[in-house]
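Undergrad: Starting off with a structure, shown below.
Number of protein chains: 2
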Amino acid sequence: MQEGRKTQEERREGTRRALIAAARRQFAENGYAATNTPALAAAAGVTRGALYHHFADKQALFEAVVEEEHALLALAINAAAEAEDEPGPVRALIEGGDAYLAAMQDSGRRRILLIDAPAVIEREKLDAINARFGLKTLLEGVGAAVEAGAIRDLPVMPLAQLLDALFDRAALAPSDELGDYRKAIKALIRGLKT
Amino acid sequence: MQEGRKTQEERREGTRRALIAAARRQFAENGYAATNTPALAAAAGVTRGALYHHFADKQALFEAVVEEEHALLALAINAAAEAEDEPGPVRALIEGGDAYLAAMQDSGRRRILLIDAPAVIEREKLDAINARFGLKTLLEGVGAAVEAGAIRDLPVMPLAQLLDALFDRAALAPSDELGDYRKAIKALIRGLKT
DNA sequence: TAAAAATACATACTGACTGTTGGTAACATA
DNA sequence: TATGTTACCAACAGTCAGTATGTATTTTTA
Numbered sequence: 003m004q005e006g007r008k009t010q011e012e013r014r015e016g017t018r019r020a021l022i023a024a025a026r027r028q029f030a031e032n033g034y035a036a037t038n039t040p041a042l043a044a045a046a047g048v049t050r051g052a053l054y055h056h057f058a059d060k061q062a063l064f065e066a067v068v069e070e071e072h073a074l075l076a077l078a079i080n081a082a083a084e085a086e087d088e089p090g091p092v093r094a095l096i097e098g099g100d101a102y103l104a105a106m107q108d109s110g111r112r113r114i115l116l117i118d119a120p121a122v123i124e125r126e127k128l129d130a131i132n133a134r135f136g137l138k139t140l141l142e143g144v145g146a147a148v149e150a151g152a153i154r155d156l157p158v159m160p161l162a163q164l165l166d167a168l169f170d171r172a173a174l175a176p177s178d179e180l181g182d183y184r185k186a187i188k189a190l191i192r193g194l195k196t
Numbered sequence: 003m004q005e006g007r008k009t010q011e012e013r014r015e016g017t018r019r020a021l022i023a024a025a026r027r028q029f030a031e032n033g034y035a036a037t038n039t040p041a042l043a044a045a046a047g048v049t050r051g052a053l054y055h056h057f058a059d060k061q062a063l064f065e066a067v068v069e070e071e072h073a074l075l076a077l078a079i080n081a082a083a084e085a086e087d088e089p090g091p092v093r094a095l096i097e098g099g100d101a102y103l104a105a106m107q108d109s110g111r112r113r114i115l116l117i118d119a120p121a122v123i124e125r126e127k128l129d130a131i132n133a134r135f136g137l138k139t140l141l142e143g144v145g146a147a148v149e150a151g152a153i154r155d156l157p158v159m160p161l162a163q164l165l166d167a168l169f170d171r172a173a174l175a176p177s178d179e180l181g182d183y184r185k186a187i188k189a190l191i192r193g194l195k196t
């Protein structure tokens, strides 16, 4: 048990990660409201003092979890996207959506990102996070499809938001109905073709 | 100050309504989490004892507010629907959606129904409420459109859910972009036509 | 390298809030 | 009018979020 010597950066990152990991587990399992900081800190192996040293309050920790979850989500989707060879812009939208749905087959992720986050994080801040991750890709996809003339010429941001809403709702569907949802989404998107 | 004599039913309904009215105001203004029962009871002109006599807990009161809000919403939409003369099933969907968006131009209503309710009320119970109100109408509309052969033959429930998601997202849009959202929704629905 | 400063954490405390309990007042029933 | 039932109130108990103050560890400075 030597090697007790750690740089501040290491200590810092270590406990931050432990806190975020424990928080992600508990928020995913019990939801934001039912998660209490004593249990959370204990699960992370630190005291509440450490939590409040690193995060302003419970909500700030939740925001950190949401950011990380968004980043992981984007990672999974991009990985799936690169496996595909370049299809047309409409197919790209549909396949991107499928990748999103696949990455959303995790009830904790759904709970955090789709159920709790909108209620806990104020609108503007959450929009900003969304804009940096998933929605950015979707926006580019829609923009490309419109510019290529592959789909009807519609305001890009609203259309991207609406497609996002479709995928979010489908992600919350019972898994045995997912196929039907995907079929309906495909029909909706294909219906936009020029 | 006579006429202090009330039947139990009157007392009961009186304080229940006072509580629900005060709760609707505070939930709408501050959100569920930031609403506390001492202030709520005071605003209703009763004590917390009365609140907990009529409702099991804070969440039960919130559920009562959500039910009432859904009922009012359905009322507004039906009123708008009866003003229209019978159009085709696709137009009916679009106009029903417009009525929904109009009825949703109330930030408190959005906060309660679209932001807080999904986080506070467990999925099954909220689905049940939804099914009894707004979604029921939408489901009928989609079913009619499919049966009439006006739109593509797709699984009805998933499609209704997806259209519902579209309108929910549009309802949360900045009001100056509402026109663009409506245009995009129209295009999406029209794209389903056979 | 010793002293000083800054950073990371721990412990203890405070105020607030939720749900409960045991009682009182108002109405209903026999 | 007596008894039961329903509506309501006041005080209490437990929990939790956030804070304040103290200590240990690493970094900087003299």
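From first to last, the protein sequence lines are chains A and B.
Residue numbers for the first sequence follow the working numbering, beginning at 3 and rising by one.
Residue numbers for the second sequence follow the working numbering, beginning at 3 and rising by one.
Just so you know, even glycine gets a beta-carbon here, dropped at the ideal spot from N, CA and C.
List the residues of chain B whose Cβ lies closer than 7 Å to the Cβ of residue 161 of chain A, in chain order.
TA: Taking the first sequence and counting its residues from 1, the one referred to as residue 161 of chain A is at position 159. Result: 186.
Undergrad: Which residue or residues does DSSP assign as beta-bridge partners of residue 195 of chain B?
TA: On the second sequence, residue 195 of chain B is found 193 positions in, with the first residue counted as 1. Residue 195 of chain B is bridged to B:153.
Undergrad: Just the chain A side, please: which residues come within less than 8 Å of residue 14 of chain B by C-beta, in chain order?
TA: As a working note, residue 14 of chain B is residue 12 in the second sequence. Simply none; closest approach about 30 Å.
Undergrad: Check for me: the alpha helix (DSSP H) holding residue 129 of chain B runs from which residue to which?
TA: Position 127 of the second sequence, counted from the start, is the residue given in the question as residue 129 of chain B. Start and end: 125-134.
Undergrad: Tell me, to the nearest whole angstrom, how far the beta carbon of residue 51 of chain B is from that of residue 95 of chain B; I am working on the premise that it is less than 8 Å.
TA: Stepping through the second sequence from its first residue, residue 51 of chain B is reached at position 49. Stepping through the second sequence from its first residue, residue 95 of chain B is reached at position 93. So it is not a contact: roughly 48 Å between Cβ atoms.
Undergrad: Helix, strand or coil: how does DSSP classify residue 57 of chain B here?
TA: In the second sequence, residue 57 of chain B corresponds to position 55, counting from 1. Residue 57 of chain B: coil per DSSP, three-state reduction.
Undergrad: Going by other Cβ atoms of all chains shown within 10 Å of its Cβ, with 16 needed for buried, is residue 2 of chain B buried or exposed?
TA: With chain B covering only 3 through 196, there is no way to say anything about residue 2 of chain B.
Undergrad: Let me know if residue 53 of chain A comes out buried or exposed under the rule of 16 or more other beta-carbons within 10 Å of its beta-carbon.
TA: Against the first sequence, residue 53 of chain A aligns to sequence position 51. So residue 53 of chain A counts as buried.
Undergrad: Between residue 191 of chain A and residue 181 of chain A, what straight-line distance do the alpha-carbon atoms span, to the nearest angstrom?
TA: Taking the first residue of the first sequence as position 1, residue 191 of chain A is located at position 189. Taking the first residue of the first sequence as position 1, residue 181 of chain A is located at position 179. Between residue 191 of chain A and residue 181 of chain A, the C-alpha separation is close to 15 Å.
Undergrad: Taking DSSP as the reference, what is the three-state secondary structure of residue 38 of chain B?
TA: Here the question's residue 38 of chain B lines up with position 36 in the second sequence. It is coil, neither helix nor strand.
Undergrad: CA-CA distance, residue 45 of chain A and residue 64 of chain A?
TA: Here residue 45 of chain A is taken as the residue at index 43 of the first sequence, counted from 1. Here residue 64 of chain A is taken as the residue at index 62 of the first sequence, counted from 1. Each residue's Cα considered, the two are about 15 Å apart.
Undergrad: Answer with yes or no whether the minimum CB distance from residue 142 of chain B to chain A is below 8 Å.
TA: Taking the second sequence and counting its residues from 1, one reaches residue 142 of chain B at position 140. No, because no Cβ of chain A sits closer than 8 Å to the Cβ of residue 142 of chain B.
Undergrad: Just to confirm the assignment, what range does the alpha helix (DSSP H) spanning residue 89 of chain B have?
TA: Here the question's residue 89 of chain B lines up with position 87 in the second sequence. Element bounds for residue 89 of chain B: n/a, residue is neither H nor E.
Undergrad: For the candidate residues A:11, A:157, A:102 and A:66, whose alpha-carbon lies nearest to that of residue 24 of chain A?
TA: By 1-based counting over the first sequence, the position of residue 24 of chain A is 22. Of A:11, A:157, A:102 and A:66, the residue nearest in Cα terms is A:66.
Undergrad: Run down chain A in chain order and give the residues with a C-beta less than 7 Å from the C-beta of residue 193 of chain B.
TA: Along the second sequence, one-based indexing puts residue 193 of chain B at 191. The answer, in chain order, is 190, 193 and 194.
Undergrad: I think residue 61 of chain B touches residue 122 of chain B, with their Cβ atoms under 8 Å apart; what is that distance to the nearest whole Å?
TA: Numbered from 1 along the second sequence, position 59 holds the residue referred to as residue 61 of chain B. Numbered from 1 along the second sequence, position 120 holds the residue referred to as residue 122 of chain B. Their Cβ separation, rounded to whole angstroms, is 6 Å, which keeps residue 61 of chain B and residue 122 of chain B in contact under 8 Å.
Undergrad: Closest to residue 68 of chain A by CA distance: which of A:118, A:168, A:10 and A:139 is it?
TA: Within the first sequence, the letter at position 66 stands for residue 68 of chain A. The residue with the shortest Cα to Cα distance from residue 68 of chain A is A:118.
Undergrad: Let me see if you follow: with CB-CB separation under 8 Å, is residue 117 of chain B close to chain A or not?
TA: Here residue 117 of chain B is taken as the residue at index 115 of the second sequence, counted from 1. Yes, residue 117 of chain B counts as interfacial toward chain A.
Undergrad: For my contact list, residue 187 of chain A and residue 172 of chain A are in at a C-beta cut-off of 8 Å; report their separation, rounded to the angstrom.
TA: Here residue 187 of chain A refers to the residue found at position 185 of the first sequence. Here residue 172 of chain A refers to the residue found at position 170 of the first sequence. That belief holds up - the Cβ atoms of residue 187 of chain A and residue 172 of chain A are roughly 6 Å apart, short of 8 Å.
Undergrad: Would you kindly work out how many angstroms separate the C-alpha atoms of residue 18 of chain A and residue 73 of chain A, rounded to a whole number?
TA: Working through the first sequence from its first residue, we reach residue 18 of chain A at position 16. Working through the first sequence from its first residue, we reach residue 73 of chain A at position 71. About 17 Å.
Undergrad: Output needed for residue 43 of chain A: all residues of its chain with C-beta closer than 6 Å, excluding positions within five of it in sequence on either side, in chain order.
TA: Against the first sequence, residue 43 of chain A aligns to sequence position 41. Closer than 6 Å at Cβ, skipping near neighbours: 49, 50 and 53.
Undergrad: Would a C-beta distance cut-off of 8 Å place residue 97 of chain A and residue 88 of chain A closer than the cut-off?
TA: Sequence index remark: in the first sequence, residue 97 of chain A carries index 95 (1-based). Sequence index remark: in the first sequence, residue 88 of chain A carries index 86 (1-based). No; because the gap between Cβ atoms is not below 8 Å, this pair is not in contact.
Undergrad: At a Cβ threshold of 8 Å, is residue 170 of chain A touching chain B?
TA: Taking the first residue of the first sequence as 1, we reach residue 170 of chain A at position 168. Interface residue, yes.
Undergrad: For residue 111 of chain A, count neighbouring Cβ atoms within 10 angstroms of its own Cβ and tell me buried if that reaches 16, exposed if not.
TA: Counted from its first residue, the first sequence places residue 111 of chain A at position 109. Label assigned to residue 111 of chain A: buried.
Undergrad: Name the chain B residues that come within less than 9 Å of residue 59 of chain A, Cβ to Cβ?
TA: As a position in the first sequence, residue 59 of chain A is number 57, starting the count at 1. Result: empty, since nearest Cβ-Cβ is about 13 Å, beyond 9 Å.
Undergrad: I need the boundaries of the alpha helix (DSSP H) containing residue 16 of chain A, first residue and last residue.
TA: Position 14 of the first sequence, counting from 1, holds the residue named residue 16 of chain A. Note, residue 16 of chain A: alpha helix (DSSP H), 10-32.
Undergrad: Can you list, in chain order, the residues of the segment 71-100 of chain A whose Cβ is nearer than 8 Å to any Cβ on chain B?
TA: Those would be none; no residue qualifies.
Undergrad: Please classify residue 11 of chain B: is it buried, with 16 or more other beta-carbons within 10 angstroms of its beta-carbon, or exposed?
TA: Position 9 of the second sequence, counted from the start, is the residue given in the question as residue 11 of chain B. Exposed, by the Cβ-count rule.
Undergrad: Considering only the alpha carbon of each residue, which of B:156, B:193, B:16 and B:168 lies closest to residue 183 of chain B?
TA: On the second sequence, position 181 is the one that residue 183 of chain B refers to. Nearest C-alpha to residue 183 of chain B: B:168.
Undergrad: Residues of chain B with CB under 7 Å from residue 111 of chain A, in chain order?
TA: Reading the first sequence from its first residue, position 109 is the one you call residue 111 of chain A. Under the 7 Å cutoff, chain B gives no residues; its nearest Cβ is about 15 Å from residue 111 of chain A.
Undergrad: Helix, strand or coil: which one does DSSP assign to residue 5 of chain A?
TA: Locating residue 5 of chain A in the first sequence gives position 3, where the first residue counts as 1. For residue 5 of chain A, the predicted model reports a pLDDT of 48, less than 50, meaning its position is unreliable; a value from the coordinates is still stated below. Of the three classes helix, strand and coil, the one that applies to residue 5 of chain A here is coil, per DSSP.
Undergrad: Exposed or buried, residue 101 of chain A, counting other C-beta atoms within 10 Å across all chains shown (16 or more means buried)?
TA: For this step, residue 101 of chain A is matched to residue 99 along the first sequence. Residue 101 of chain A comes out buried.
Undergrad: Under a Cβ-count criterion, where at least 16 other Cβ atoms within 10 Å of its own Cβ denotes burial, should residue 71 of chain A be classed as buried or exposed?
TA: On the first sequence, residue 71 of chain A is found 69 positions in, with the first residue counted as 1. So residue 71 of chain A counts as buried.
Undergrad: Excluding the 5 residues preceding and the 5 following residue 116 of chain A in the sequence, name in chain order all residues of the same chain whose CB lies nearer than 7 Å to its CB.
TA: Locating residue 116 of chain A in the first sequence gives position 114, counting from the first residue. Cβ within range, chain order: 170, 173 and 174.
Undergrad: Taking the alpha carbon of residue 27 of chain A as the point to measure from, which residue in A:41, A:59 and A:80 has its own alpha carbon closest?
TA: Taking the first residue of the first sequence as position 1, residue 27 of chain A is located at position 25. Cα-wise, what sits closest to residue 27 of chain A is A:41.
Undergrad: Report back the beta-carbon spacing between residue 128 of chain B and residue 166 of chain B to the nearest angstrom; my notes put them in contact at under 8 Å.
TA: Within the second sequence, numbered from 1, the residue matching residue 128 of chain B stands at position 126. Within the second sequence, numbered from 1, the residue matching residue 166 of chain B stands at position 164. At roughly 13 Å, the Cβ-Cβ gap does not stay under 8 Å, so residue 128 of chain B and residue 166 of chain B are not in contact.
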